[in-house]
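Sequential numbering of the sequence shown, starting at 254, is according to our numbering. To start, the structure under review is shown below, and the notes come after it.
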Amino acid sequence: MSIVSPPDLVTLDQFLLIPRDDMDRELIRGEVRERPMTRRNRFHAKAEANLARLIGNWVANQTEPTGAVYSGEVGCILHRNPDTNVGIDVAYFSLETIASQSNVTTMIDGAPILAIEILSPSDQQAEIAEKVGVYLDAGVKLVWIVDPHFRTVTVHREQTPPVLFNVNQSISGESILNGLELNVAEIFD
254 MSIVSPPDLV TLDQFLLIPR DDMDRELIRG EVRERPMTRR NRFHAKAEAN
304 LARLIGNWVA NQTEPTGAVY SGEVGCILHR NPDTNVGIDV AYFSLETIAS
354 QSNVTTMIDG APILAIEILS PSDQQAEIAE KVGVYLDAGV KLVWIVDPHF
404 RTVTVHREQT PPVLFNVNQS ISGESILNGL ELNVAEIFD
């Protein structure tokens with residue numbers, strides 16, 4: 254029996270030195286994950302724009318500021334030692350997380366409260382499942398997996414089975430994002 258040694262872990266600083274090319278890369282627990290650059294389609298783009306707008310409207314209507322919404326593969330440092338750096342389609346961060354940022358990096362250092370991933374045709378089930386696990390392990394309270402093809406949203410929370418919502422239903426921020434309620438159809442229309 255041969256002994257396989259684990260791969261050398263990559264730090265965030267090393268990861269950021271990798272030249273940009275036609276590969277989509279993330280750093281998960283110190284390991285570089287790469288795949289050919291995903292070609293987004295209009296359904297993905299529409300869902301992302303709608304979600305950012307709908308959540309942004311909810312944020313704007315809060316009597317007390319509670320956080321901020323970001324979209325467009327926002328770079329997020331979820332964990333250190335080993336480092337985890339991901340791009341999130343749409344994310345909602347607390348004001349405390351946003352206020353603690355420095356000018357050292359353009360990425361947000363800290364987990365969002367809500368992370369939303371919008372599926373692309375090239376996404377693999379195993380990759381999405383791993384990413385949900387990474388988010389929940391990092392302390393993300395709500396993870397929404399949005400499927401433009403089936404027009405559904407699957408909600409993941411720690412220690413709770415996932416729940417699937419379709420265009421005939423509403424989705425909420427539950428007690429975590431109090432008052433946030435969206436008709437699933439609004440995400441895709």
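Glycine included, each C-beta is placed from N, C-alpha and C at the ideal position.
Legend entry - Alpha-carbon spacing of Glu370 relative to Arg295, whole angstroms: For the purposes of this step, residue 370 is identified with residue 117 of the sequence shown, where counting begins at 1. For the purposes of this step, residue 295 is identified with residue 42 of the sequence shown, where counting begins at 1. Straight-line Cα distance between these residues: approximately 15 Å.
Legend entry - Sequence-distant residues of the same chain with beta carbon closer than 6 Å to Trp311, five excluded per side: The residue labelled residue 311 in the question sits at position 58 within the sequence shown. So the qualifying residues of the chain are Leu433.
Legend entry - alpha helix (DSSP H) segment containing Leu304, residue limits: Residue mapping note: residue 304 aligns to position 51 of the sequence shown, counting from 1. Note, Leu304: alpha helix (DSSP H), 295-313.
Inset, instruction - State the CB to CB distance for the pair Asn338 and Leu280, rounded to an integer number of angstroms; the pair is presumed to be in contact (CB under 8 Å). - result: Stepping through the sequence shown from its first residue, residue 338 is reached at position 85. Stepping through the sequence shown from its first residue, residue 280 is reached at position 27. Between Leu280 and Asn338 the Cβ distance is about 4 Å, and since that is below 8 Å, they are a contact.
Inset, instruction - Assess, as a yes-or-no matter, whether the segment 321-331 is touched by the segment 340-359 under the definition of 3 or more beta carbon pairs within less than 8 Å. - result: Short answer: they touch.
Inset, instruction - Locate the alpha helix (DSSP H) running through Leu348, then write down its first and last residues. - result: For the purposes of this step, residue 348 is taken as the residue at position 95 of the sequence shown. Looking at the DSSP string, the run of the alpha helix (DSSP H) that includes Leu348 is 348-352.
Legend entry - Supposed contact pair Leu430 and Glu411 - C-beta distance, whole angstroms, cut 8 Å: For the purposes of this step, residue 411 is taken as the residue at position 158 of the sequence shown. For the purposes of this step, residue 430 is taken as the residue at position 177 of the sequence shown. Under the criterion of beta carbons closer than 8 Å, Glu411 and Leu430 do not qualify as touching, at roughly 15 Å.
Inset, instruction - Decide if the segment 335-352 is in contact with the segment 365-379; the criterion is three or more beta carbon pairs, one per stretch, under 8 Å apart. - result: Output reads yes: the segment 365-379 touches the segment 335-352.
Legend entry - Leu265 - containing alpha helix (DSSP H), residue span: Within the sequence shown, the letter at position 12 stands for residue 265. Per DSSP, Leu265 belongs to the alpha helix (DSSP H) from 265-269.
Legend entry - 6 Å CB neighbourhood of Ile404 in its chain, flanking five on each side removed: For the purposes of this step, residue 404 is taken as the residue at position 151 of the sequence shown. In the sequence under discussion, the amino acid at residue 404 is Arg, which differs from the Ile named in the question. Same-chain partners within the cutoff: Val420, Phe441.
Inset, instruction - Would you give the residue range spanned by the alpha helix (DSSP H) that Ala321 belongs to? - result: Position 68 of the sequence shown, counted from the first residue, corresponds to residue 321. No alpha helix (DSSP H) contains Ala321, which is instead part of the beta strand (DSSP E) from 320-332.
Inset, instruction - Inspect the beta-carbon positions of Ser347 and Gly320 and report whether they are closer than 9 Å. - result: On the sequence shown, position 94 is the one that residue 347 refers to. On the sequence shown, position 67 is the one that residue 320 refers to. Using a Cβ distance threshold of 9 Å, Ser347 and Gly320 count as a contacting pair.
Inset, instruction - Might you give, ordered along the chain, the residues of its own chain that have their beta carbon closer than 6 Å to the beta carbon of Asp400, omitting 5 neighbours on each side? - result: Sequence index remark: in the sequence shown, residue 400 carries index 147 (1-based). Leu372.
Legend entry - Backbone CA spacing between Leu395 and Asp275 [nearest angstrom]: Within the sequence shown, the letter at position 142 stands for residue 395. Within the sequence shown, the letter at position 22 stands for residue 275. Straight-line spacing of the CA atoms in Leu395 and Asp275 works out to 31 Å.
Inset, instruction - Can you tell me which of the three DSSP states Leu417 falls into? - result: Sequence index remark: in the sequence shown, residue 417 carries index 164 (1-based). If DSSP states are grouped into helix, strand and coil, Leu417 belongs with the strands.
Legend entry - Among Asn334, Lys299, Pro335, nearest to Ser324 - alpha-carbon criterion: The sequence position of residue 324 within the sequence shown is 71, counting from 1. The shortest C-alpha separation from Ser324 is found at Lys299.
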